[in-house]
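Accompanying notes for the structure given below.
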Amino acid sequence: MKHVDALNRNPIDTVNVNRLEVSDWFYTVQYQDDKLKRIIDQLRDGSAATEISNSYVFSDDRLYKKTLHGNRLVVPALARWRLVQMHHDDIGHVGFQKCIDLIKKDYWFPKMTRFIRKYVTACLHCAYGKSGHGKKEGKLFPIPKPTEPMIMIHVNHLGPFCKTAKGYQYMLVITDSFSKFVIAEPTRTVNSVETIRTLRKIFSLFGYPDKLVSDHGKAFTSRYFKKFSSDKQFRHILTSVACPRANGQVERTNRTILNALRATDASEAANNWANSLPDILWGINNTANESTTYRPYDLMFSKSSRPRCDIVGNGSVSEPVDVRRNKASKQLKLASDRMKRNFDKKRKTSRVYKKGDLVLWRQAPTSSTSKVNTKLDDVFSGPYIVIKVLGNDRYRIRSIKGLRGYRAFTGLVAADSLRPYHSTVPISDSASSSDEQLETEDLIDLLES
Numbered sequence: 001m002k003h004v005d006a007l008n009r010n011p012i013d014t015v016n017v018n019r020l021e022v023s024d025w026f027y028t029v030q031y032q033d034d035k036l037k038r039i040i041d042q043l044r045d046g047s048a049a050t051e052i053s054n055s056y057v058f059s060d061d062r063l064y065k066k067t068l069h070g071n072r073l074v075v076p077a078l079a080r081w082r083l084v085q086m087h088h089d090d091i092g093h094v095g096f097q098k099c100i101d102l103i104k105k106d107y108w109f110p111k112m113t114r115f116i117r118k119y120v121t122a123c124l125h126c127a128y129g130k131s132g133h134g135k136k137e138g139k140l141f142p143i144p145k146p147t148e149p150m151i152m153i154h155v156n157h158l159g160p161f162c163k164t165a166k167g168y169q170y171m172l173v174i175t176d177s178f179s180k181f182v183i184a185e186p187t188r189t190v191n192s193v194e195t196i197r198t199l200r201k202i203f204s205l206f207g208y209p210d211k212l213v214s215d216h217g218k219a220f221t222s223r224y225f226k227k228f229s230s231d232k233q234f235r236h237i238l239t240s241v242a243c244p245r246a247n248g249q250v251e252r253t254n255r256t257i258l259n260a261l262r263a264t265d266a267s268e269a270a271n272n273w274a275n276s277l278p279d280i281l282w283g284i285n286n287t288a289n290e291s292t293t294y295r296p297y298d299l300m301f302s303k304s305s306r307p308r309c310d311i312v313g314n315g316s317v318s319e320p321v322d323v324r325r326n327k328a329s330k331q332l333k334l335a336s337d338r339m340k341r342n343f344d345k346k347r348k349t350s351r352v353y354k355k356g357d358l359v360l361w362r363q364a365p366t367s368s369t370s371k372v373n374t375k376l377d378d379v380f381s382g383p384y385i386v387i388k389v390l391g392n393d394r395y396r397i398r399s400i401k402g403l404r405g406y407r408a409f410t411g412l413v414a415a416d417s418l419r420p421y422h423s424t425v426p427i428s429d430s431a432s433s434s435d436e437q438l439e440t441e442d443l444i445d446l447l448e449s
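For the sequence shown, counting from 1, position 104 maps to 104 in full-length UniProt numbering; every step adds exactly one.
Printed below as a string of structure tokens:
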């Protein structure tokens with residue numbers, strides 16, 4: 001054959017290259033650490049002081065620390081970052097306690113608890129991707145309730161629904177904070193022009209409120225709505241972004257309306273939902289509310305509503321409207337206190353942020369028509385900067401110009417949707433003397449060694 005496989009006919013001698021195992025790598029780095037090298041040399045030649053010989057042992061060409069729980073491999077400074085990475089990043093970003101338990105089982109270095117806590121706290125993958133566990137931050141701060149109807153109202157849009165013959169796809173829902181009386185009007189859009197037109201129609205019947213509470217929907221944050229509230233002299237209160245409980249009055253009403261629509265004939269003729277709305281509203285406004293113990297209609301008006309069935313007759317309310325409202329006001333206070341107690345049992349005091357602090361923000365999940373699964377998306381985004389500290393665990397934050405993916409954003413957010421942003425700077429063994437938690441952890445490390 002003219003073709004000759006030269007490598008087969010004349011093989012070349014090769015050299016086997018040994019790959020270091022992790023334990024061997026630690027061993028080599030131990031010898032490169034000047035401080036550890038001196039201890040090793042002293043233990044080898046028998047010149048080690050009593051303090052050193054009582055604290056360390058040299059075995060199998062490796063330096064170990066004597067502890068109450070047995071000998072642990074001494075980790076040189078150059079290997080500490082990689083060691084924690086192996087026991088945190090490489091095994092699914094476990095929490096601090098699991099990480100330190102794994103490391104303490106076999107390894108030792110000075111102030112290791114402090115080092116590991118700083119590493120885990122500064123892990124960006126954990127900061128953005130983990131939702132946290134245990135009690136959530138943030139106590140409940142109920143909005144003080146008025147003592148008369150239409151003093152403060154809660155407003156929100158509900159939809160979209162199937163388009164009706166008249167082109168309606170949404171509804172504007174209003175809940176009176178005191179009486180719980182509900183008003184809902186079908187709308188074609190959720191823009192500010194139609195929203196203002198609908199509110200003007202409603203206010204022409206009931207009068208303008210002193211306060212109007214809404215979320216950050218575009219209809220309520222536009223300059224047109226700002227001018228509308230200014231011209232009509234009512235205070236517009238915007239709730240925290242991605243915090244439904246802040247406007248819980250109307251959120252509960254929305255849920256009630258949706259459940260009623262699903263259970264009515266409207267579910268069979270989805271484009272006919274607007275025709276079912278008046279009957280649903282009648283039912284809500286003529287059913288006793290749990291908080292006030294009165295029907296919303298009886299607190300809104302002095303005259304009782306007529307029953308649905310003529311056989312019942314025209315019922316009347318025995319108590320004057322002022323008496324009903326006074327009693328309802330007391331019941332509202334009791335219900336508000338009870339709700340706060342029950343809510344706060346499951347919560348812990350929020351972390352306090354200062355102006356200029358960097359934070360990460362957890363946004364509420366948004367609905368999407370895309371088929372892409374978003375379960376593995378980051379839970380938090382940021383960092384953002386705190387630009388104003390408000391009362392009741394609320395902060396105003398804004399995005400930071402110059403960061404990759406920057407989009408201009410300024411918003412009012414609740415403390416329980418924030419977490420501190422920690423940059424992954426090189427970790428130092430030094431710490432301020434005021435850091436009581438770390439000092440305690442250093443003492444525990446010392447006692448265990």
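Think of the CB as a built atom: it goes at the ideal place given N, C-alpha and C, for glycine as much as any other residue.
Quantities reported herein were computed from a predicted structural model and do not represent experimental measurements.
Please state whether DSSP places VAL75 in a helix, a strand or coil. Position 75 of the sequence shown, counted from the first residue, corresponds to residue 75. Here VAL75 sits in coil by DSSP.
DSSP three-state assignment for ASN259, whether helix, strand or coil: Position 259 of the sequence shown, counted from the start, is the residue given in the question as residue 259. Per DSSP, reduced to three states, the secondary structure at ASN259 is helical.
Alpha carbon to alpha carbon, how far is PRO320 from SER302? Position 320 of the sequence shown holds residue 320. Position 302 of the sequence shown holds residue 302. Using only the alpha carbons, I get a separation of about 7 Å.
Should the stretch 192-211 be regarded as contacting the stretch 242-252, the criterion being three or more beta carbon pairs within less than 8 Å? Flag = no, the stretch 192-211 and the stretch 242-252 do not touch.
is_contact[ILE237, chain C] using C-beta, thresh 7 Å: The structure shown contains no chain C, having only a single protein chain.
Buried or exposed for THR187, please, with buried defined as at least 16 other CB atoms from any protein chain shown within 10 angstroms of its CB. Counted from its first residue, the sequence shown places residue 187 at position 187. With 16 or more other Cβ atoms within 10 Å, it is buried.
Count Cβ pairs between the stretch 180-196 and the stretch 216-225 that sit closer than 8 Å; are there 3 or more? Contact holds: three or more Cβ-Cβ distances are below 8 Å.
For VAL413, tell me which candidate among ASP377, ARG404, SER350 has the shortest Cα-Cα distance. Sequence index remark: in the sequence shown, residue 413 carries index 413 (1-based). Scanning ASP377, ARG404, SER350 for the CA closest to the CA of VAL413 turns up SER350.
Work out the CA separation of ASP357 and SER291 for me, nearest whole Å. Position 291 of the sequence shown, counted from the first residue, corresponds to residue 291. Position 357 of the sequence shown, counted from the first residue, corresponds to residue 357. For SER291 and ASP357, the distance between alpha carbons rounds to 40 Å.
I believe VAL155 touches ILE143 by the beta-carbon criterion, under 8 Å. Please report the beta-carbon distance rounded to the nearest angstrom. Against the sequence shown, residue 155 aligns to sequence position 155. Against the sequence shown, residue 143 aligns to sequence position 143. Not really, about 14 Å apart at Cβ, beyond 8 Å.
What are the boundary residues of the alpha helix (DSSP H) that includes LYS66? Indexing the sequence shown from 1 puts residue 66 at position 66. First-last for LYS66: 62-67, but that is the beta strand (DSSP E), not the alpha helix (DSSP H).
Which of the three DSSP states is assigned to LEU140 in this structure? Here residue 140 is taken as the residue at index 140 of the sequence shown, counted from 1. Note: LEU140 maps to coil in three-state DSSP.
Among ALA77, TRP282, MET150, which residue has its Cα nearest to the Cα of ASP34? Counted from its first residue, the sequence shown places residue 34 at position 34. Comparing Cα positions, the closest option is ALA77.
Three CB pairs or more closer than 8 Å across the stretch 109-123 and the stretch 67-86: Yes, the stretch 109-123 is in contact with the stretch 67-86.
I need the DSSP call for GLU185, collapsed to helix, strand or coil. The sequence position of residue 185 within the sequence shown is 185, counting from 1. GLU185 falls in the strand class under three-state DSSP.
Between which residues of its own chain and PRO383 is the CB-CB distance below 7 Å, once the five residues before and five after are set aside? Counting from 1 along the sequence shown, the entry for residue 383 is found at position 383. Excluding residues within five positions, the ones whose Cβ falls inside 7 Å are LEU358, VAL359, LEU360, ILE400, TYR421.
Let me know if GLU185 comes out buried or exposed under the rule of 16 or more other beta-carbons within 10 Å of its beta-carbon. One-based indexing of the sequence shown puts residue 185 at position 185. Result: buried.
Can you name the start and end residues of the alpha helix (DSSP H) that ASP378 belongs to? If you number the sequence shown from 1, residue 378 lands on position 378. Per DSSP, ASP378 belongs to no alpha helix (DSSP H) and is neither H nor E.
So if DSSP puts ASN156 in a beta bridge, which residue, or which two residues, is it bridged to? The residue labelled residue 156 in the question sits at position 156 within the sequence shown. Answer is VAL173.
Between the alpha carbons of VAL84 and ARG341, how many angstroms are there, rounded? The residue given as residue 84 occupies position 84 in the sequence shown. The residue given as residue 341 occupies position 341 in the sequence shown. If you take the alpha carbons of VAL84 and ARG341, they lie about 42 Å apart.
Determine the DSSP secondary structure at ARG197, reduced to helix, strand or coil. On the sequence shown, position 197 is the one that residue 197 refers to. ARG197: helix per DSSP, three-state reduction.
Can you tell me the Cα-Cα spacing of ALA274 and THR198, whole angstroms? Your numbering for residue 274 matches position 274 in the sequence shown. Your numbering for residue 198 matches position 198 in the sequence shown. Near 15 Å, if we compare the C-alpha coordinates of THR198 and ALA274.
So is CYS162 buried or exposed if we call it buried at 16+ other beta carbons inside 10 Å? Along the sequence shown, read from residue 1 onward, the residue named residue 162 stands at position 162. With fewer than 16 other beta carbons inside 10 angstroms of its own, CYS162 counts as exposed.
Going by the CB atoms, is the gap between ARG324 and TYR297 shorter than 7 Å? Counted from its first residue, the sequence shown places residue 297 at position 297. Counted from its first residue, the sequence shown places residue 324 at position 324. Result no, Cβ atoms of TYR297 and ARG324 do not sit closer than 7 Å.
Alpha carbon to alpha carbon, how far is ARG404 from THR410? Give it in angstroms, no decimals. Residue numbering aside, residue 410 sits at position 410 when the sequence shown is read from its first letter. Residue numbering aside, residue 404 sits at position 404 when the sequence shown is read from its first letter. If you take the alpha carbons of THR410 and ARG404, they lie about 17 Å apart.
May I have the straight-line CA-CA distance separating GLY196 from HIS88, to the nearest angstrom? As a first step, residue 196 is located in the sequence shown; it is residue number 196 there, counting from the start. As a first step, residue 88 is located in the sequence shown; it is residue number 88 there, counting from the start. Residue identity check: residue 196 is Ile in the sequence provided, not Gly. Straight-line measurement puts the Cα of HIS88 at about 54 Å from the Cα of ILE196.
Consult DSSP for ALA415 and reduce its assignment to one of helix, strand or coil. Stepping through the sequence shown from its first residue, residue 415 is reached at position 415. Under the three-state reduction of DSSP, ALA415 is assigned to helix.
Could you tell me the alpha carbon to alpha carbon distance between GLN233 and ASP378, rounded to whole angstroms? Residue 233 sits at position 233 when you count from the first residue of the sequence shown. Residue 378 sits at position 378 when you count from the first residue of the sequence shown. Distance between the alpha carbons of GLN233 and ASP378: 42 Å.
Quick check on the DSSP output: the beta strand (DSSP E) that includes TYR56 runs from which residue to which? Working through the sequence shown from its first residue, we reach residue 56 at position 56. That run of the beta strand (DSSP E) goes 56-59.
Tell me, please, which residues DSSP counts as bridged to HIS236. Taking the sequence shown and counting its residues from 1, the one referred to as residue 236 is at position 236. Answer is LEU212, bridged to HIS236.
Are the Cβ atoms of ILE52 and ILE40 separated by less than 7 Å? If you number the sequence shown from 1, residue 52 lands on position 52. If you number the sequence shown from 1, residue 40 lands on position 40. If you check the CB distance, ILE52 and ILE40 do not come in under 7 Å.
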